[in-house]
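There are 4 protein chains.
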Amino acid sequence: MLLGKKKESRAEFRCFFSLLQGILERLESGEVVIGDGSFLITLEKRGYVKAGLWTPEAVIEHPDAVRQLHMEFLRAGSNVMQTFTFSASEDNMESKWEDVNAAACDLAREVAGKGDALVAGGICQTSIYKYHKDEARIKKLFRQQLEVFAWKNVDFLIAEYFEHVEEAVWAVEVLKESDRPVAVTMCISPEGDMHDITPGECAVRLVKAGASIVGVNCRFGPETSLKTIELMKEGLQRAGLKAHLMVQPLGFHTPDCGKEGFVDLPEYPFGLESRAATRWDIQKYAREAYNQGVRYIGGCCGFEPYHIRAIAEELAPERGFLPPASEKHGSWGSALDMHTKPWVRARARREYWENLLPASGRPFCPSLSKPDV
Amino acid sequence: MLLGKKKESRAEFRCFFSLLQGILERLESGEVVIGDGSFLITLEKRGYVKAGLWTPEAVIEHPDAVRQLHMEFLRAGSNVMQTFTFSASEDNMESKWEDVNAAACDLAREVAGKGDALVAGGICQTSIYKYHKDEARIKKLFRQQLEVFAWKNVDFLIAEYFEHVEEAVWAVEVLKESDRPVAVTMCISPEGDMHDITPGECAVRLVKAGASIVGVNCRFGPETSLKTIELMKEGLQRAGLKAHLMVQPLGFHTPDCGKEGFVDLPEYPFGLESRAATRWDIQKYAREAYNQGVRYIGGCCGFEPYHIRAIAEELAPERGFLPPASEKHGSWGSALDMHTKPWVRARARREYWENLLPASGRPFCPSLSKPDV
Amino acid sequence: MLLGKKKESRAEFRCFFSLLQGILERLESGEVVIGDGSFLITLEKRGYVKAGLWTPEAVIEHPDAVRQLHMEFLRAGSNVMQTFTFSASEDNMESKWEDVNAAACDLAREVAGKGDALVAGGICQTSIYKYHKDEARIKKLFRQQLEVFAWKNVDFLIAEYFEHVEEAVWAVEVLKESDRPVAVTMCISPEGDMHDITPGECAVRLVKAGASIVGVNCRFGPETSLKTIELMKEGLQRAGLKAHLMVQPLGFHTPDCGKEGFVDLPEYPFGLESRAATRWDIQKYAREAYNQGVRYIGGCCGFEPYHIRAIAEELAPERGFLPPASEKHGSWGSALDMHTKPWVRARARREYWENLLPASGRPFCPSLSKPDV
Amino acid sequence: MLLGKKKESRAEFRCFFSLLQGILERLESGEVVIGDGSFLITLEKRGYVKAGLWTPEAVIEHPDAVRQLHMEFLRAGSNVMQTFTFSASEDNMESKWEDVNAAACDLAREVAGKGDALVAGGICQTSIYKYHKDEARIKKLFRQQLEVFAWKNVDFLIAEYFEHVEEAVWAVEVLKESDRPVAVTMCISPEGDMHDITPGECAVRLVKAGASIVGVNCRFGPETSLKTIELMKEGLQRAGLKAHLMVQPLGFHTPDCGKEGFVDLPEYPFGLESRAATRWDIQKYAREAYNQGVRYIGGCCGFEPYHIRAIAEELAPERGFLPPASEKHGSWGSALDMHTKPWVRARARREYWENLLPASGRPFCPSLSKPDV
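Chains as they are written, first to last, in UniProt numbering: chain W, 1 to 373; chain D, 1 to 373; chain P, 1 to 373; chain S, 1 to 373.
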């Protein structure tokens with residue numbers, strides 16, 4: 001057994017208690033909060049989201065499919081059920097937007113209630129900002145979604161996937177209006193936002209605007225994202241500000257990305273398969289994020305349920321418990337130890353998987369690509 | 001529009017008609033039957049199957065998760081809902097086996113009823129054969145599962161994943177007892193079965209034993225599997241025998257496999273990510289299978305719903321219709337044509353994806369591995 | 001010390017003796033004969049041969065450059081100085097051919113006299129055979145070169161780089177006329193010659209025509225060439241024939257070659273750099289050739305002097321001595337043991353170099369190519 | 001013909017004239033000066049230099065081999081014959097040092113006299129500096145070599161391969177004593193010297209110390225070296241200083257190097273083959289160096305004669321003439337246009353070679369390595 005008796009009882013106690021606690025109480029007590037993973041990319045592969053549009057109408061068209069994915073993340077160890085409301089604003093979805101936001105809240109709450117998870121209402125950057133920096137109009141779009149979240153009484157709020165810190169600040173300012181904790185993540189690289197504002201400066205502005213949790217999500221793989229987080233952390237320290245750190249990177253390896261991330265890679269979005277992270281890559285990422293002081297650790301596009309479970313398994317010693325889905329997973333491949341082939345049994349150990357250099361099976365393909373810009 | 005008005009009405013007519021037809025009527029009329037995809041590997045990643053054991057207890061423990069996966073394959077275009085009964089025999093599951101088989105049949109039938117799909121009861125090689133070639137005992141195990149399938153009135157039967165033709169022949173002999181069509185697939189390479197019996201000879205023996213459909217599944221990627229099929233076809237032709245051909249390969253690239261397939265690759269089973277096929281790889285595979293004369297085309301481990309959809313989209317011109325999930329997919333990436341970045345819009349065409357050489361994002365990893373044996 | 005006192009004196013004795021011995025006496029006594037390496041490709045890079053033409057006019061235009069390369073191979077351990085007369089026949093060189101052959105013989109003899117080496121007169125396939133199978137005209141071309149070799153009194157003869165066994169047989173028939181030992185090598189793959197005559201059959205015909213030494217050279221890398229040799233050996237055994245085996249492969253890795261070899265690879269001839277073998281690859285090749293029973297071991301295009309030295313070093317335990325150029329080479333990198341950096345010192349051992357998987361430094365390039373045909 | 005009549009006569013005139021001109025007159029008139037290439041690594045492969053020691057005793061032991069390499073570079077287009085005196089100081093060679101320096105000067109002068117080349121006396125960093133920053137002792141070592149160079153009347157002086165700018169400054173100070181032009185190159189990356197002094201600052205100090213030509217050599221591949229040069233150029237501009245720029249990088253691709261360059265790569269020094277640059281890579285490098293304003297362009301370890309020829313061919317339009325060795329080279333592969341195979345003929349053009357992505361032929365190897373530190 002990974003975890004001894006004593007830790008288990010502590011874990012039970014903790015679990016019971018955390019149900020009564022909000023996101024900030026958890027983070028402030030030093031607890032690790034595990035985010036959820038990929039919805040758009042994963043549901044695209046399951047047949048419920050259209051690539052190119054990337055809108056979440058599935059919450060009303062195919063609620064079973066969305067519920068099922070929430071359940072998988074919950075079982076994998078997620079402590080947050082984020083409403084599947086990415087781009088579900090009036091500018092992207094017309095009249096459907098309101099129903100979509102409401103249905104998404106209901107699904108998230110329904111599943112969250114089956115485990116130790118909070119519900120987070122999620123908004124993202126608008127389609128408008130890059131053409132018209134019209135603060136009033138953009139804030140109105142944010143406020144429309146927030147009204148649904150407030151009505152459905154979500155536990156906290158996430159503003160995510162912002163390329164420009166100015167728009168992210170506007171989002172925080174709106175979200176603060178409902179008196180719930182606000183987390184905000186930008187989709188930027190260590191080089192900074194689209195106007196070259198550094199990650200450190202972005203973090204400072206967002207905390208000053210009222211965010212309690214700041215970080216990055218999407219667009220870049222785990223390694224790049226952790227570099228950006230490090231710069232945010234340093235920026236906050238220099239400014240004498242405090243905030244919780246949050247990271248939700250791609251589940252893809254993207255060392256060859258340019259400043260705008262994986263969208264510019266020639267494989268985006270229909271040829272990313274060979275870049276997908278293994279569970280062992282994610283354990284390494286989770287450990288590094290933890291060591292950097294990040295306590296809200298999840299994933300974005302490409303993070304399948306088993307990747308979330310890998311975070312929960314890596315940090316089980318610190319947290320004191322394993323997630324439900326670990327019933328179906330031998331830690332570090334241990335369930336292979338009964339295989340009939342001795343060389344497969346030999347893979348039932350940590351050293352094997354930590355050191356594996358997995359082949360692509362594609363000898364006519366390169367290992368890196370040049371981004372289109 | 002991919003398909004004109006005329007084809008659509010033909011398609012409607014055909015759909016209506018095929019609902020009344022069994023697997024052999026469909027194949028004999030020249031129709032393409034699309035199989036389903038990966039259950040064990042896919043549900044492992046979703047948290048419901050344990051790698052190493054690879055047993056389908058999820059049908060009773062988490063029926064929603066299994067139903068959802070069936071639904072995804074149905075929407076993607078599968079014409080067969082295979083019962084999730086792999087290894088669900090008494091030797092692997094003890095007393096649970098009967099409930100598992102029954103529940104799996106119910107789930108498959110429930111979903112099949114929502115579309116144009118048949119239910120196939122599935123058995124596979126036993127854990128016994130390699131130690132004791134005890135025909136009576138092995139046939140008894142097959143017969144136990146068959147009794148459930150007959151009771152639940154499946155439409156036809158699939159015996160799959162056989163390494164030894166002798167055991168596969170026994171399976172066919174048992175399955176024939178229920179007077180339903182029998183399909184049989186072996187998990188062998190062009191080098192033949194574990195006793196070096198050639199694919200051609202294997203096919204001949206299986207057809208002589210009573211199989212109406214023969215082919216290969218699992219263990220090898222699409223390219224290798226099609227080579228094996230070609231040898232089976234030639235063997236049958238030389239012997240003057242007729243049978244329908246069926247192929248359900250891995251959704252992974254495995255040019256470096258040895259005779260026993262992907263199990264011996266160092267990446268099996270927890271580091272196969274970078275070998276995963278793209279949808280475009282699968283369109284190519286579907287076209288080649290079709291050109292070889294194969295009419296039952298599906299997938300095995302690693303075939304996600306969108307891979308099955310890729311088969312249905314590639315063969316839509318021949319079949320006259322697209323699957324339901326193509327509502328959420330622009331053919332050849334066409335839905336990218338409204339992207340804000342011109343270089344992403346430029347990816348909205350067939351030539352782009354057909355010629356893409358996707359990078360692994362892993363410059364420290366090789367492109368091929370040496371199998372462990 | 002690699003070799004003890006006793007072996008050294010045996011070696012001296014042997015060296016003295018072998019000077020009096022011809023190629024067949026050496027091979028029949030079980031001695032390893034080390035061939036030389038690359039002339040055309042190497043002198044192209046040094047500026048004395050024109051790619052595309054691939055003719056050896058350098059022997060008259062720049063004799064110093066040719067002499068120097070002979071010297072380097074002699075120092076590296078070559079026991080054969082092959083005249084640089086590839087394509088130096090009337091069909092390729094017009095009136096120059098006679099002077100070129102004579103000068104090439106003089107250079108080879110001059111350098112051979114400085115060490116333990118024999119002079120071999122070399123001819124290759126004509127430019128005519130593929131268009132006109134005119135035996136009389138082709139034999140006349142071979143005989144013209146042979147007359148110069150006889151006049152210059154070479155020690156034995158090599159007919160090399162034949163794609164068609166029929167033309168190779170004609171070459172052997174002509175060369176036999178001068179009563180010198182004849183070696184013959186074809187540039188074929190395990191699939192056989194251009195008319196699909198198997199390597200085994202080719203070897204049989206060549207030995208029946210009078211060749212004492214048969215094998216392969218050029219067109220394919222070490223691994224492929226050794227496979228072809230194995231088939232030749234089996235063919236001779238089945239036919240109850242005896243001959244010495246000889247192998248002189250490319251110094252490039254070509255696992256992706258088609259039937260006609262490296263010429264069809266897209267990198268030929270100006271982009272082959274990243275395929276070049278290391279010295280350690282060549283030690284492995286030399287050991288395998290020896291284990292297969294090959295006793296005339298050398299190289300062709302891409303075999304630089306240090307590759308020949310690697311053969312001599314690998315087989316030093318069997319031969320009892322090291323070549324002169326090993327004064328400038330610590331076996332298995334041992335001369336690194338005084339490097340100032342400890343991690344470079346750690347490379348001064350066999351295990352390090354045997355297990356190194358050298359990176360290409362080219363992450364945007366594939367590891368294999370598709371041949372042009 | 002690449003170059004018309006008019007240019008040729010201009011070229012002749014220029015050639016005649018430049019023979020009367022020193023290095024600075026040439027550079028000041030805007031002429032491109034082509035350096036030479038690899039001696040240690042190249043002569044190691046030819047059997048005359050011992051890896052690990054890397055000393056040039058070959059100039060007395062095997063002068064023919066050294067003369068031949070000088071000749072190859074001269075024919076390839078080098079305008080500088082640098083004395084093969086790397087590490088030929090008393091600390092590395094004991095009593096032999098004086099003879100080696102004298103013989104190296106004689107060889108360089110002998111070959112330079114056969115073409116349009118100057119003789120440069122070369123020194124490099126000592127083995128002492130890293131342990132004892134003993135200015136007097138180190139300067140004495142430099143002065144000893146300089147005395148031979150002065151006696152042999154070299155045309156100018158090169159101080160190369162310095163990791164620390166302080167020692168490089170000492171070298172320049174000594175070399176200035178003989179009233180000849182001084183070039184100095186450091187073996188540093190864009191990150192700066194071993195004490196983190198930036199390339200810009202290094203360049204400034206070296207020019208202030210009296211160097212007329214500054215730049216980088218060795219340790220890093222062409223792309224990295226040009227980045228360092230750019231920083232040097234910017235540093236000089238900011239300081240309002242003027243100097244000629246010089247670049248002599250590795251002929252290997254090293255994008256994965258750390259701060260100390262290729263020595264720390266696991267392939268150093270016996271497994272670098274697959275990193276070797278093609279001639280087309282070098283044409284690209286030469287063009288970029290020229291566009292950056294560099295006018296002294298050569299190479300270091302791994303630069304074979306044909307790489308130097310590639311510089312001369314790329315810059316032939318600017319210089320007005322081709323080097324002698326281009327007699328044996330069809331520009332951009334043009335000599336392939338008579339090949340018997342049409343697909344090889346199709347390679348006789350610039351677009352083909354510029355766009356080729358050469359495969360390594362090594363599917364079990366990665367494309368990048370992690371440096372040992």
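Think of the CB as a built atom: it goes at the ideal place given N, C-alpha and C, for glycine as much as any other residue.
Secondary structure of residue i, DSSP reduced to three states
{"i": "D:Leu272", "result": "coil"}
{"i": "P:Ile297", "result": "strand"}
{"i": "S:Tyr161", "result": "strand"}
{"i": "W:Leu146", "result": "helix"}
{"i": "S:Gln82", "result": "strand"}
{"i": "D:His244", "result": "strand"}
{"i": "D:Ala58", "result": "helix"}
{"i": "P:Val216", "result": "strand"}
Pair within 9 Å by beta-carbon distance, residue i and residue j
{"i": "residue 381 of chain W", "j": "W:Glu160", "result": "The structure shown does not extend to residue 381 of chain W, since chain W is modelled only from 1 to 373, so the question has no answer here."}
{"i": "D:Lys45", "j": "W:Val49", "result": "no"}
{"i": "D:Phe270", "j": "D:Pro249", "result": "no"}
{"i": "W:Glu163", "j": "W:Lys133", "result": "no"}
{"i": "P:Ala359", "j": "S:Pro222", "result": "no"}
{"i": "S:Leu107", "j": "S:Val66", "result": "yes"}
{"i": "D:Thr224", "j": "D:Ser274", "result": "no"}
{"i": "P:Asp196", "j": "P:Val373", "result": "no"}
{"i": "W:Asp36", "j": "W:Val100", "result": "no"}
Nearest-angstrom Cα separation, counted from residue j out to residue i
{"i": "P:Arg350", "j": "P:Trp280", "result": "9 Å"}
{"i": "D:Ser334", "j": "W:Ile282", "result": "32 Å"}
{"i": "residue 438 of chain D", "j": "W:Glu314", "result": "In the structure as shown, chain D starts at 1 and stops at 373, and residue 438 of chain D therefore has no counterpart that could be examined."}
{"i": "P:Ser212", "j": "P:Ala243", "result": "5 Å"}
{"i": "W:Ala203", "j": "W:Met232", "result": "5 Å"}
{"i": "D:Pro255", "j": "D:Arg287", "result": "19 Å"}
{"i": "D:Gly240", "j": "D:Glu94", "result": "43 Å"}
{"i": "P:Phe149", "j": "P:Ala276", "result": "33 Å"}
{"i": "D:Val344", "j": "W:Ile158", "result": "28 Å"}
{"i": "W:Arg109", "j": "D:Leu141", "result": "45 Å"}
{"i": "S:Val32", "j": "S:Gly115", "result": "16 Å"}
Whole-angstrom C-beta distance between residue j and residue i, which should lie under 8 Å
{"i": "D:Phe252", "j": "D:Gly192", "result": "Their Cβ separation, rounded to whole angstroms, is 22 Å, which puts D:Phe252 and D:Gly192 out of contact at 8 Å."}
{"i": "S:Asp171", "j": "S:Val184", "result": "According to the sequence shown, residue 171 of chain S is Ala rather than Asp. Right, their Cβ atoms sit about 7 Å apart."}
{"i": "S:Gly47", "j": "P:Tyr285", "result": "Not really, about 19 Å apart at Cβ, beyond 8 Å."}
{"i": "P:Gly121", "j": "P:Glu173", "result": "At roughly 16 Å, the Cβ-Cβ gap does not stay under 8 Å, so P:Gly121 and P:Glu173 are not in contact."}
{"i": "D:Ile308", "j": "D:Ser29", "result": "The pair is not a contact, with the Cβ atoms about 21 Å apart (cut-off 8 Å)."}
{"i": "P:Val182", "j": "P:Leu175", "result": "5 Å"}
{"i": "residue 374 of chain P", "j": "P:Leu206", "result": "Residue 374 of chain P lies beyond the residue range present for chain P, which begins at 1 and ends at 373; the question has no answer from this structure."}
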